[in-house]
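Below: the structure, in structure tokens.
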Amino acid sequence: PGKVYVGSKREIAENRIPILNVYMKNLLCLPVWVLMDEEVRLFFYHSDFDCEQVPHRLRRLRPRTRRIKNISPQVPVFDRMAAPRAEALFDFSGTNKLELSFKKGDLIYLLSRVNKDWLEGTVADATGIFPCAFVKIIKDLPQQEDTVNKVRCYYYDATVSTIRDIPVEEDLSSIPSFNDLMELMRREFDQDDIVLNYRDLDGDLIRLLSDQDVELMVSQSRRRPSVKHFFSWKLHITHKDNLDVYNTSPGIGATQTLGTT
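For the sequence shown, position 8 matches number 8 in the UniProt record's numbering, and the numbering has no gaps at all.
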């Protein structure tokens, strides 16, 4: 209370608040007949002025904060000389909104490679795809790892045998159907009179005739080491009427004509 003078300066009074609190608690513990005394009651009385005085230590103050200098983030400078880019050799007019139109001599900044024939780039605030044949690459895009899964196929003809890696847009853990495999191989090799085979654990060629055969092929292939981005199983393509490729004498092993692959 303002009537209790505990120091000549406000700072001293502020520091003595805890001592005063203890004194007041002890005073309130006195007998009732003492507290009811007129002079003591006058001591507890608060005037309007007393109610307005809030000790500095009891105020709700904002915690001290460190002033931080406002630094605006710097926008990285676009290095045009280091960016992948190409120069237009011919005029190209896009036929839809996805294609990028440009004139001969325009500098096109490359964004990505769509496939072996098309690129994506930007010129004059426009972005789209365009054919690679219309531009000359000044600085190419960084090489990306080939993530397309492939199945290795061995094609046996009357005179030659070839190896072909066919891209397949399927997960390596998937099991294709027999009909899908047959359709894919007929399209890739442009032949209708072909059959699909695989080598079993003994090295003999086994003809695929159904989905169950494909499942067995996949199951056996998982016991062998695999190559990254390649299916663990391999297909051997032969003609329908060529039965010499099969081992008809169990225990002798695979036919020497084709060898073990």
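For glycine and all other residues, C-beta sits at the position ideal for the given N, C-alpha and C. Since the structure is predicted, the reported quantities are computational estimates derived from the model, not experimental observations.
Inter-residue Cα distance where the pair is residue i and residue j
i	j	result
Thr95	Tyr154	41 Å
Pro225	Leu172	14 Å
Phe130	Val123	11 Å
Glu39	Ile17	22 Å
Arg59	Asp125	With a pLDDT of only 48 at Arg59, under the threshold of 50, the placement of this residue in the model should not be trusted; the figure read from the coordinates follows. The straight-line gap from Cα to Cα measures roughly 58 Å.
Glu183	Pro142	35 Å
Pro84	Ile163	35 Å
Gly128	Lys104	16 Å
Val32	Lys25	14 Å
Gly203	Asn247	10 Å
Cys132	Ile206	44 Å
Val29	Leu20	The sequence given here places Cys at residue 29; Val does not occur at that position. Whole-angstrom Cα-Cα distance: 14 Å.
Met217	Tyr198	7 Å
Ser93	Asp140	23 Å
Val22	Asn15	13 Å
Pro1	Val34	Here Pro1 scores only 46 on pLDDT, less than 50, and its place in the model is too uncertain to base an answer on.
Lys3	Ile12	At Lys3, the pLDDT of 49 sits below 50, so the modelled position is not reliable; the number obtained from the coordinates is stated separately. Looking at the two C-alpha atoms, the distance is approximately 15 Å.
Asp190	Thr159	17 Å
Lys97	Ser161	46 Å
Lys149	Glu188	In the sequence as displayed, the identity of residue 149 is Asn instead of Lys. Approximately 16 Å, taken between the alpha carbons.
Ser249	Ser174	34 Å
Leu27	Met36	12 Å
residue 263	Ser101	Residue 263 falls outside the range modelled here, since the chain spans only 1 to 261, and no answer is possible.
Residue from the options with nearest C-alpha to residue i
i	options	result
Phe230	Lys116, Arg85, Glu169 and Leu119	Glu169
Lys136	Asn179, Asn21 and Asp91	Asp91
Ser232	Thr238, Lys240, Arg223 and His239	Arg223
Asp117	Leu20, Ala158 and Phe134	Phe134
residue 265	Pro167, Ile108 and Met24	Residue 265 is absent from the structure shown; the chain starts at 1 and stops at 261.
Val227	Thr147, Glu11, Asn21 and Thr127	Thr147
Asp157	Pro31, Trp33, Val245 and Leu216	Val245
Leu196	Leu235, Asp211 and Val34	Leu235
Ile138	Gln191, Ala82 and Glu188	Ala82
Leu89	Asp140, Arg199 and Asp106	Asp106
Lys240	Val151, Leu209 and Arg152	Leu209
Phe178	Ser249, Leu27, Asp211 and Phe102	Asp211
Beta-bridge partners of residue i, as assigned by DSSP
i	result
Cys153	Arg164 and Leu235
Asp127	Reading off the sequence, residue 127 comes out as Thr, not Asp. Thr122, per the DSSP bridge assignment.
Tyr198	Ile206
Ala83	Per DSSP, none; premise fails for Ala83.
Glu99	Ile129
Leu110	Gly121
residue 274	Residue 274 lies beyond the residue range present for the chain, which begins at 1 and ends at 261; the question has no answer from this structure.
Phe230	Lys150
CB-CB length for residue i against residue j, believed under 8 Å
i	j	result
Leu111	Glu99	The pair is not a contact, with the Cβ atoms about 14 Å apart (cut-off 8 Å).
Thr238	Ile194	7 Å
Pro176	Val214	7 Å
Leu201	Gln220	6 Å
Arg186	Asp192	6 Å
Cutoff 8 Å: residue i Cβ touching any chain B Cβ
i	result
Ser174	You won't find chain B in this structure, because it holds only one protein chain.
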